[in-house]
Structures are given as structure tokens and as C-alpha cells.
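*Asks:*
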Amino acid sequence: MTPTIGRNTYLQRLVGAAALDRAIYEEVEADGRATVQAGATVLLSSIAAGLGSVGLGGNAAANVAFVSVVALLAWAAWALVIFEIGVRLMPQQETQSNVGELMRTIGFATAPGVLRVLGVIPEVTVPVFAITALWMLAAMIVAVRQALDYQSTLRAIAVCGLGWVLATAMAIVLGLAFGPSLS
Numbered sequence: 025m026t027p028t029i030g031r032n033t034y035l036q037r038l039v040g041a042a043a044l045d046r047a048i049y050e051e052v053e054a055d056g057r058a059t060v061q062a063g064a065t066v067l068l069s070s071i072a073a074g075l076g077s078v079g080l081g082g083n084a085a086a087n088v089a090f091v092s093v094v095a096l097l098a099w100a101a102w103a104l105v106i107f108e109i110g111v112r113l114m115p116q117q118e119t120q121s122n123v124g125e126l127m128r129t130i131g132f133a134t135a136p137g138v139l140r141v142l143g144v145i146p147e148v149t150v151p152v153f154a155i156t157a158l159w160m161l162a163a164m165i166v167a168v169r170q171a172l173d174y175q176s177t178l179r180a181i182a183v184c185g186l187g188w189v190l191a192t193a194m195a196i197v198l199g200l201a202f203g204p205s206l207s
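Each residue of the sequence shown is one higher than the one before, counting from 25 in our numbering.
#1: On the three-state DSSP scale, how would you describe T192?
#2: Expressed to the nearest angstrom, what Euclidean distance is found between the alpha-carbon atoms of G137 and G40?
#3: Determine the contact status of T65 and T156, defining contact as a CB-CB distance below 8 Å.
#4: Quick one: Cα of R46 to Cα of L186, how far?
#5: Given V183, which residues of its chain have a CB within under 7 Å of its CB, disregarding the five upstream and five downstream residues?
#6: Considering Cα atoms alone, identify which of A163, V144, L200 and R140 is closest to F132.
#7: Please determine, among M194, W102 and R37, the residue with the shortest C-alpha to C-alpha distance to T59.
#8: What is the residue span of the alpha helix (DSSP H) that Y49 lies within?
#9: Looking at the secondary structure, which residues open and close the alpha helix (DSSP H) in which N122 lies?
#10: List the endpoints of the continuous alpha helix (DSSP H) containing L67.
#11: Determine the extent of the alpha helix (DSSP H) in which M160 is found, giving its start and end residues.
#12: Can you name, in chain order, every residue of its own chain whose Cβ lies under 7 Å from the Cβ of G124, other than the five neighbours on each side?
#13: So what does DSSP say about N32, is it helix, strand or coil?
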């Protein structure tokens, strides 16, 4: 039986992905046309991070550009690690996925990151970034579990957790080595 693809709008998919709705992740996994939407979600989230970084002070233009690029690169690194670990090193017997399906689901998992734009308010920058990072981790776990057909949430947590640590380390190294000064 061929799965039916939902007819949710892009906005409904964003909200559903942020709400950790498994049905939305199944929908975007099955909908090859959602690849552009998933890419747009990653870009929106990355740009929101750049804009939100203005709340940290320093050279606003340099922060926006740099943080946006680092957020995008960190997601790409996270996605690559998740694919390698989840599909090649830790698949379950039921795991049947391709790059497109996985990229669509984990692209939508960045939906909570759009809220990082609220970081422009200096008093809430750090809490907003911390909360959205944890929220995106939870969304990524749901996305990976659905895309890789895992029966165990613990397996998805292990895959995403390891990927998150590696991607975060990369972002910190890039930030320290090439980032603009905040003073």
C-alpha cells in the first residue's frame, strides 16, 4: 500500500515539526516535494540564529553573517554524522531510508530554531538559544526515529546525541578560531 502524503501547508508543517508531531515527520519523509521546504526551514533557522545573535552585542553585521553561516554548517555536520551513524553504523533491520528522506525530516527538525530570532532582545539571548537548542535536539530525535524507522527512541537519542556533540564541538571551534569579537 502506498502511503498517502498529507496536504498540510508549509506553515502547518513547521508548527507540527516544532510540536514534535510524528505524523508531520512521516509526511515530509514521504513527500519528495518537501525537500525545498526542508531546506528553507534550515536556512530560516540559520538566519534566525544570526539575527538573534545581535543580542550578544559586538559588531552586529559580522555577528549576523558569521552566526548564520556557522549555524548552517553545524546543521550540515550534524546531518552528515546522523546519516553515517544512523544508516551505516546503527541501523535496525527495519531501517530503510535514503538521503532525501532523512534530510527532509531533519531539515524540519530545525523548525524550533526559527524562534532564535527572539535573541535580539539582549536579556533573553542566551536562554532563547539554550531552549531552542534543546528543543531542536528533541525534534531531531523524533525526526531520526521516524525517518530511520527505529523501534527504539533510545537508539535515536544515541544517534542524535553523538551527532549533536560533534556538531557543537565543530561550531565552538569555528567560533573561537574565526568568529568576530564580542567586545
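All residues carry an ideal CB built from backbone N, CA and C; glycine is no exception. All values reported here derive from a predicted model rather than from experimental measurement.
*Replies:* For this structure:
#1: helix
#2: 14 Å
#3: no
#4: 22 Å
#5: I106, I109, G110, M114 and V168
#6: A163
#7: R37
#8: R46 to A54
#9: Per DSSP, N122 belongs to no alpha helix (DSSP H) and is neither H nor E.
#10: T59 to G76
#11: T149 to A171
#12: G56 and T59
#13: coil
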